[in-house]
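Read in my numbering, the sequence shown has 157 at position 169, and its numbers run on one by one without any break. Glycine residues also receive a C-beta, built at the ideal position from the N, C-alpha and C atoms.
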Amino acid sequence: MLSSTTSKNISEVFEAPNFIKLKVDGRYIHNAPNDHAKNHDFFWTYTEEPHRTRRQAIIKAHPEVTKLCGPEPLTKYLVLLVVSLQIFCAYTLRSTPFFSWRFFLTAYFIGATANQNLFLAIHEISHNLAFRSARANRALAIFANLPIGIPYSASFRPYHLTHHKSLGVDGLDTDLPTSFEAFFLDSVLGKAFFATFQILFYAIRPMMIYTVPISTGHIVNIAVQLLFDYVLVTNCSKNSLYYLILSSFLAGSLHPCAGHFIAEHYLLHMPPQGAQDELTNTQLPETFSYYGPLNFLTYNVGLHNEHHDFPAVPWSRLPALHELAKEFYDVLPCHKSWVYVIWQFVLDSNVGLNCRVKRKKGGRKVGA
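Laid out in structure tokens, this is it:
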């Protein structure tokens, strides 16, 4: 959004250790002061979400970009590998005490990383990017859901696709924190609580905003998951199931890979006053990418501007998309570390859950 070529008043952009540094009217600005978090309100905008505009501009400049769209055959094999790994770990820990270092460390370093990978496999599959058949994608998502322990893949899809169609729209985009969360968690302890238990916020919040109709897919997802959990407990032990559920909790807690939840859309640094992206006609960035090594474990979810611009491009081709349209992406602010994102989110008094861009209208709900 903030560009050395498209933003008014900005004469130079270059990377700082974690974010960007701007030269505005001959003066360098980094971590621009932000008192916004203190007033408990969000950043409201009346502009259209930026990704559609940038997508059209990229297609116009590089029509060949559409060739990157379509399913990635490798996804199903990676899902099989990670599901097998988690079942193996659950089996090996069947007799290990829950309150033991071996149990916790395995769940944190292996289990949480694996289940975060499966969260993002389900995210990828929700865009029908594993198979051409919609039914095959739904089935693979249910299979990927197994080591997570709790059925959610069928519900995730409509909420997530609505997030894409209604980015920032109050009452539709359930990725947005509620005003209640922003007010009551506006402190270091509150944000630490949110970062620790954010997987629960992401699981419960959507249902508090609006409900999606129960479909056959939901029923199958629940039935298959309950059957898997029953077979696991009866053939291994309760500890095996506890391992999977703990892995899921830690995957959305204070874990390096969980930094993407915050990094994707929270505004941690204020742009200079007067800066505006003339391409998208926006003053505040709404989406941020990360190009670090953790993308290797997370289906390139860090390339989040690229993903929102082209949801039909699979994870394996997002780097190619970035290279093809470098003039559009290299000028956008990005994160250097997901760990640092969590650290700053919790400790920076100028950052809160209200540091998100919201809009009153636009978008639409997407069904199951």
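Return the CA-CA distance between LEU312 and ALA300, expressed in angstroms with no decimal places. 16 angstroms
If you compare alpha carbons, which of GLY355, PHE76, LYS226, ALA142 is closest to THR94? PHE76
With a Cβ-Cβ cutoff of 8 angstroms, do SER225 and ASN103 count as a contact? no
To which residues of the same chain is VAL357 closer than 6 angstroms at the C-beta, ignoring the five residues directly before and after it? Past the edges of the chain, shown from -11 to 356, lies residue 357, and the structure says nothing about it.
So that I know if they touch, is there some Cβ in chain D lying closer than 8 angstroms to that of ASP297? Absent from the structure is chain D; it holds one protein chain and no more.
Around the Cβ of ASN223, are there at least 16 other Cβ atoms within 10 angstroms (buried) or fewer (exposed)? exposed
Ranges of the alpha helix (DSSP H) found wholly within the segment 67 to 139, counting only runs of at least 4: 89 to 93, 100 to 114, 122 to 133
If contacts are defined as beta-carbon pairs under 8 angstroms, then ALA170 and ASN342 qualify, I think. What distance do you get, rounded to the angstrom? 4 angstroms
Is SER121 closer than 8 angstroms to PHE144 when the C-beta atoms are compared? no
Please report the distance separating the alpha-carbon of TYR230 from that of SER88. 13 angstroms
From ARG15 to LYS346, what does the alpha carbon distance come to, in whole angstroms? Residue confidence is low: ARG15 scores 33 on pLDDT, short of 50, so the model does not pin down where it sits. Its coordinate-derived value is still stated next. Using only the alpha carbons, I get a separation of about 30 angstroms.
Buried versus exposed call for TYR147 [16 or more other C-beta atoms within 10 Å across all chains shown]: buried
For ARG352, which three-state DSSP category applies? coil
If you draw a straight line from the C-alpha of TRP331 to the C-alpha of LEU56, how long is it? 35 angstroms
Boundaries (first-last residue) of the alpha helix (DSSP H) holding PHE249: 247 to 251
When the distance is taken between beta carbons, is LEU134 closer than 8 angstroms to PHE216? yes
Going by CA-CA distance only, name the one from PRO51, ASP174, TYR287 that's closest to ASN338. ASP174
Please state whether DSSP places LYS226 in a helix, a strand or coil. helix
HIS323 by DSSP, collapsed to three states: which one? strand
Would you identify the three-state DSSP class for LEU277, choosing helix, strand or coil? Here the sequence assigns Ser to residue 277, which means Leu is not the residue at that position. DSSP places SER277 in strand when its eight states are reduced to three.
Starting from ILE202 and walking both ways along the alpha helix (DSSP H), at which residues does that stretch end? Here ILE202 belongs to no alpha helix (DSSP H), and DSSP marks it neither H nor E.
Locate the alpha helix (DSSP H) running through TYR147, then write down its first and last residues. 141 to 153
Coil, strand or helix - VAL157 by DSSP: strand
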